[in-house]
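Read in order, the letters of the sequence shown correspond to residues 5 to 240 in this note's numbering.
Positions of the beta carbon are idealized from the N, C-alpha and C atoms, including for glycine.
First up is the structure itself, then whatever we jot down about it.
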Amino acid sequence: MWQDKTVLAVVPARGGSKGIPRKNLCKVGNRSLIGWAAHVTQQLPWIDLAILSTDDPELAEEGRQYGLQVPFLRPRELATDTALGIDVWRHAWLEAEKWQSKTFELGLYLQPTTPLRQPEDITRTLKTLVSGSYKAATTIAPVPGHYVPEKILILEDNCCVAPYLPEQVVSNRQQAKNYYYRTGACYAAWRNTIVNERTLIEADCAGVIIESFTPNIDDPIELEFANFLFQKASRE
(Lines of atoms letter the chains of each structure in order from A and count residues from 1; the text may use other names and numbers.)
(Lines give C-alpha, C1' and ligand atoms only; values in the text may rest on other atoms or scores of the structure.)
Protein backbone atom coordinates (compact mmCIF):
# COMPACT_ATOMS: atom_id res chain seq x y z
CA MET A 1 0.00 0.00 0.00
CA TRP A 2 1.03 3.60 -0.57
CA GLN A 3 -0.15 5.92 2.18
CA ASP A 4 -3.06 3.58 2.98
CA LYS A 5 -4.04 3.35 -0.71
CA THR A 6 -4.04 0.05 -2.57
CA VAL A 7 -1.75 -0.20 -5.59
CA LEU A 8 -2.20 -2.41 -8.66
CA ALA A 9 0.65 -2.92 -11.15
CA VAL A 10 -0.29 -4.07 -14.67
CA VAL A 11 2.31 -5.48 -17.07
CA PRO A 12 0.89 -5.55 -20.64
CA ALA A 13 2.35 -8.11 -23.04
CA ARG A 14 0.55 -9.27 -26.16
CA GLY A 15 1.76 -12.18 -28.24
CA GLY A 16 1.49 -10.59 -31.68
CA SER A 17 4.47 -8.23 -31.75
CA LYS A 18 5.71 -7.57 -35.29
CA GLY A 19 8.95 -5.58 -35.06
CA ILE A 20 10.51 -8.44 -33.08
CA PRO A 21 8.50 -11.70 -33.19
CA ARG A 22 7.74 -12.97 -29.67
CA LYS A 23 9.41 -9.81 -28.41
CA ASN A 24 8.30 -10.09 -24.80
CA LEU A 25 10.12 -13.42 -24.46
CA CYS A 26 13.41 -11.97 -25.73
CA LYS A 27 16.15 -11.64 -23.16
CA VAL A 28 18.19 -8.73 -21.93
CA GLY A 29 20.99 -10.29 -19.94
CA ASN A 30 19.59 -13.21 -17.98
CA ARG A 31 15.89 -12.28 -18.00
CA SER A 32 13.13 -11.96 -20.57
CA LEU A 33 11.43 -8.60 -21.00
CA ILE A 34 8.49 -9.97 -19.00
CA GLY A 35 10.96 -11.15 -16.37
CA TRP A 36 12.45 -7.67 -15.99
CA ALA A 37 9.01 -6.12 -15.53
CA ALA A 38 8.19 -8.72 -12.88
CA HIS A 39 11.56 -8.17 -11.20
CA VAL A 40 11.05 -4.44 -10.75
CA THR A 41 7.62 -4.97 -9.14
CA GLN A 42 9.26 -7.28 -6.61
CA GLN A 43 11.61 -4.46 -5.61
CA LEU A 44 8.66 -2.25 -4.65
CA PRO A 45 7.05 -3.64 -1.48
CA TRP A 46 4.22 -1.10 -1.57
CA ILE A 47 2.67 -2.77 -4.66
CA ASP A 48 -0.29 -4.85 -3.47
CA LEU A 49 -0.79 -6.88 -6.64
CA ALA A 50 1.20 -7.26 -9.87
CA ILE A 51 -0.55 -8.92 -12.82
CA LEU A 52 0.27 -9.73 -16.43
CA SER A 53 -2.27 -8.83 -19.11
CA THR A 54 -1.70 -11.06 -22.13
CA ASP A 55 -3.65 -12.92 -24.79
CA ASP A 56 -0.93 -15.55 -25.17
CA PRO A 57 -0.70 -18.74 -23.02
CA GLU A 58 3.09 -18.98 -23.46
CA LEU A 59 3.56 -15.41 -22.26
CA ALA A 60 1.16 -16.11 -19.40
CA GLU A 61 3.33 -19.02 -18.26
CA GLU A 62 6.44 -16.85 -18.56
CA GLY A 63 4.83 -14.27 -16.30
CA ARG A 64 3.87 -16.89 -13.71
CA GLN A 65 7.41 -18.25 -13.64
CA TYR A 66 8.66 -14.79 -12.74
CA GLY A 67 6.03 -14.24 -10.05
CA LEU A 68 3.33 -12.27 -11.84
CA GLN A 69 -0.30 -13.21 -11.33
CA VAL A 70 -2.27 -14.06 -14.50
CA PRO A 71 -5.95 -14.24 -13.48
CA PHE A 72 -7.28 -13.91 -17.05
CA LEU A 73 -6.32 -13.95 -20.72
CA ARG A 74 -6.82 -10.68 -22.54
CA PRO A 75 -9.68 -10.62 -25.09
CA ARG A 76 -8.64 -10.79 -28.74
CA GLU A 77 -10.00 -7.32 -29.52
CA LEU A 78 -7.61 -5.84 -26.95
CA ALA A 79 -4.58 -7.62 -28.41
CA THR A 80 -4.52 -6.07 -31.89
CA ASP A 81 -2.16 -3.49 -33.38
CA THR A 82 -4.88 -0.87 -33.04
CA ALA A 83 -5.95 -1.60 -29.46
CA LEU A 84 -5.36 1.36 -27.14
CA GLY A 85 -3.18 1.02 -24.08
CA ILE A 86 -5.75 2.86 -21.99
CA ASP A 87 -8.35 0.20 -22.83
CA VAL A 88 -5.92 -2.62 -22.03
CA TRP A 89 -5.12 -1.00 -18.67
CA ARG A 90 -8.77 -0.41 -17.84
CA HIS A 91 -9.75 -3.99 -18.68
CA ALA A 92 -6.94 -5.40 -16.54
CA TRP A 93 -7.84 -3.08 -13.65
CA LEU A 94 -11.48 -4.17 -13.61
CA GLU A 95 -10.61 -7.86 -14.01
CA ALA A 96 -8.13 -7.66 -11.13
CA GLU A 97 -10.75 -6.05 -8.91
CA LYS A 98 -13.28 -8.72 -9.84
CA TRP A 99 -10.72 -11.45 -9.09
CA GLN A 100 -9.68 -9.96 -5.75
CA SER A 101 -13.14 -8.65 -4.74
CA LYS A 102 -11.55 -5.32 -3.83
CA THR A 103 -10.90 -1.88 -5.29
CA PHE A 104 -7.42 -0.65 -6.20
CA GLU A 105 -7.12 3.10 -5.73
CA LEU A 106 -3.82 3.59 -7.56
CA GLY A 107 -2.42 1.89 -10.62
CA LEU A 108 0.88 1.42 -12.43
CA TYR A 109 1.32 0.46 -16.10
CA LEU A 110 4.75 -1.11 -16.64
CA GLN A 111 5.51 -2.00 -20.24
CA PRO A 112 8.01 -4.88 -20.63
CA THR A 113 9.72 -3.01 -23.48
CA THR A 114 11.59 -0.81 -21.00
CA PRO A 115 13.57 -3.48 -19.12
CA LEU A 116 16.32 -1.27 -17.69
CA ARG A 117 14.04 1.06 -15.73
CA GLN A 118 14.98 1.73 -12.11
CA PRO A 119 12.61 1.08 -9.18
CA GLU A 120 13.33 4.52 -7.75
CA ASP A 121 11.93 6.11 -10.92
CA ILE A 122 8.67 4.23 -10.43
CA THR A 123 8.59 5.36 -6.82
CA ARG A 124 9.16 8.97 -7.88
CA THR A 125 6.36 8.72 -10.43
CA LEU A 126 3.81 7.47 -7.92
CA LYS A 127 5.01 9.95 -5.30
CA THR A 128 4.56 12.79 -7.78
CA LEU A 129 1.05 11.64 -8.61
CA VAL A 130 -0.10 11.36 -5.01
CA SER A 131 1.62 14.46 -3.64
CA GLY A 132 0.30 16.79 -6.36
CA SER A 133 -3.14 17.57 -7.68
CA TYR A 134 -2.61 15.34 -10.72
CA LYS A 135 -4.79 12.69 -12.32
CA ALA A 136 -1.84 10.78 -13.76
CA ALA A 137 1.95 10.85 -14.04
CA THR A 138 4.46 9.41 -16.49
CA THR A 139 8.21 9.20 -16.97
CA ILE A 140 9.70 11.48 -19.63
CA ALA A 141 13.17 12.29 -20.96
CA PRO A 142 14.62 15.20 -22.97
CA VAL A 143 14.40 14.91 -26.76
CA PRO A 144 17.95 15.01 -28.23
CA GLY A 145 18.71 18.38 -29.82
CA HIS A 146 18.90 17.06 -33.39
CA TYR A 147 15.41 15.52 -33.11
CA VAL A 148 13.46 18.56 -31.91
CA PRO A 149 10.49 19.62 -34.10
CA GLU A 150 12.24 22.81 -35.23
CA LYS A 151 14.89 20.66 -36.95
CA ILE A 152 12.64 17.99 -38.42
CA LEU A 153 12.09 17.93 -42.18
CA ILE A 154 9.25 16.60 -44.30
CA LEU A 155 9.64 15.19 -47.81
CA GLU A 156 7.36 16.84 -50.34
CA ASP A 157 5.83 15.08 -53.36
CA ASN A 158 8.52 16.61 -55.59
CA CYS A 159 11.22 14.99 -53.42
CA CYS A 160 12.27 18.34 -51.96
CA VAL A 161 12.63 18.69 -48.21
CA ALA A 162 10.88 21.37 -46.18
CA PRO A 163 10.88 22.33 -42.50
CA TYR A 164 8.20 20.61 -40.43
CA LEU A 165 7.68 23.90 -38.58
CA PRO A 166 8.63 26.57 -41.15
CA GLU A 167 7.88 29.45 -38.78
CA GLN A 168 10.11 28.06 -36.04
CA VAL A 169 13.29 26.96 -37.80
CA VAL A 170 16.37 27.36 -35.57
CA SER A 171 20.04 27.22 -36.47
CA ASN A 172 21.29 25.62 -33.26
CA ARG A 173 19.81 23.46 -30.52
CA GLN A 174 20.29 26.14 -27.85
CA GLN A 175 17.54 28.15 -29.54
CA ALA A 176 15.04 25.29 -29.55
CA LYS A 177 12.41 24.79 -26.88
CA ASN A 178 12.71 22.04 -24.29
CA TYR A 179 10.93 18.97 -25.62
CA TYR A 180 10.37 15.65 -23.88
CA TYR A 181 9.24 12.20 -24.95
CA ARG A 182 7.54 9.43 -22.99
CA THR A 183 10.09 6.80 -21.94
CA GLY A 184 7.50 4.07 -21.32
CA ALA A 185 9.20 3.19 -18.03
CA CYS A 186 6.16 3.95 -15.89
CA TYR A 187 2.65 5.33 -16.04
CA ALA A 188 0.77 5.96 -12.80
CA ALA A 189 -2.84 7.01 -12.34
CA TRP A 190 -5.78 7.17 -10.00
CA ARG A 191 -8.54 4.64 -10.52
CA ASN A 192 -11.05 7.27 -11.64
CA THR A 193 -8.70 8.51 -14.37
CA ILE A 194 -8.42 5.11 -16.05
CA VAL A 195 -11.67 3.35 -15.18
CA ASN A 196 -14.15 6.21 -15.45
CA GLU A 197 -12.53 9.01 -17.46
CA ARG A 198 -10.48 6.72 -19.73
CA THR A 199 -7.79 9.35 -20.16
CA LEU A 200 -4.10 9.60 -19.43
CA ILE A 201 -1.90 12.17 -21.15
CA GLU A 202 -4.99 14.26 -21.92
CA ALA A 203 -5.69 14.49 -18.18
CA ASP A 204 -3.72 16.56 -15.68
CA CYS A 205 -0.67 14.37 -16.20
CA ALA A 206 2.61 15.15 -14.46
CA GLY A 207 5.92 14.52 -16.21
CA VAL A 208 8.68 12.90 -14.16
CA ILE A 209 12.05 13.50 -15.82
CA ILE A 210 14.36 10.49 -16.10
CA GLU A 211 17.96 11.55 -16.63
CA SER A 212 19.44 8.11 -17.34
CA PHE A 213 18.76 6.68 -20.79
CA THR A 214 16.26 3.80 -20.79
CA PRO A 215 15.84 2.16 -24.21
CA ASN A 216 12.29 1.33 -25.28
CA ILE A 217 12.52 -1.86 -27.34
CA ASP A 218 10.55 -2.05 -30.58
CA ASP A 219 13.21 -3.07 -33.11
CA PRO A 220 16.10 -5.60 -33.12
CA ILE A 221 18.73 -2.85 -32.91
CA GLU A 222 17.11 -1.52 -29.74
CA LEU A 223 17.21 -5.01 -28.22
CA GLU A 224 20.91 -5.25 -29.07
CA PHE A 225 21.53 -1.84 -27.55
CA ALA A 226 19.68 -2.77 -24.34
CA ASN A 227 21.89 -5.86 -24.02
CA PHE A 228 24.96 -3.71 -24.60
CA LEU A 229 23.91 -1.33 -21.83
CA PHE A 230 23.14 -4.23 -19.49
CA GLN A 231 26.54 -5.83 -20.08
CA LYS A 232 28.29 -2.49 -19.67
CA ALA A 233 26.53 -1.86 -16.34
CA SER A 234 27.40 -5.40 -15.19
CA ARG A 235 31.11 -4.72 -15.73
CA GLU A 236 31.11 -1.44 -13.82
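- In terms of Cβ geometry, S57 and V11 do not form a close pair [threshold 8 Å].
- Taking every protein chain shown into account, the CB of Q115 has 16 or more other CB atoms within 10 angstroms, so this residue is buried.
- Counting only unbroken stretches of 4 or more residues, the alpha helix (DSSP H) elements lying wholly within the stretch 84-154 are 89-104, 123-135, in sequence order.
- Under the 10 Å beta carbon count, N34 is surrounded by fewer than 16 other beta carbons and is classified as exposed.
- Secondary structure of A64 (DSSP, three-state): helix.
- With fewer than 16 other Cβ atoms from the protein chains shown falling within 10 Å of its own Cβ, N162 counts as exposed.
- Between the C-alpha atoms of R186 and T218 there is a straight-line separation of about 11 Å.
- In this structure, the beta-carbon distance from T117 to L37 falls below 8 Å.
- Less than 8 Å divides the Cβ of D60 from the Cβ of G19.
- Around the beta carbon of D125, a 10 Å sphere encloses 16 or more other beta carbons of the protein chains shown; the residue is thus reported as buried.
- Within the same chain, Cβ atoms closer than 8 Å to the Cβ of T197 are found at K139, A140, T203, L204, A207, the five residues on either side in sequence being excluded.
- Here P119 is buried: its Cβ has 16 or more other Cβ atoms, across all protein chains shown, within 10 Å.
- In this chain, G39 is not harboured by any beta strand (DSSP E); it is covered by the alpha helix (DSSP H) spanning 37-46.
- Under the DSSP definition of a beta bridge, A13 partners with A54, L112.
- Rounded to whole angstroms, the gap between the alpha carbons of Q172 and V212 is 27 Å.
- Distances from the alpha-carbon of A100 to those of I55, E215, T86 put I55 closest.
- L133 is positioned such that its CB atom lies closer than 8 Å to that of A192.
- DSSP, reduced to helix, strand and coil, places I225 within a helical segment of the structure shown.
- Closest in C-alpha terms to P75, from the list D222, W40, K102, comes K102.
- One alpha carbon belongs to S105, the other to K9, and they sit about 16 Å apart.
- Annotation: Q235 to Q122 spans about 16 Å, alpha carbon to alpha carbon.
- Assignment of K236 by DSSP, reduced to helix, strand and coil, places it in the helix class.
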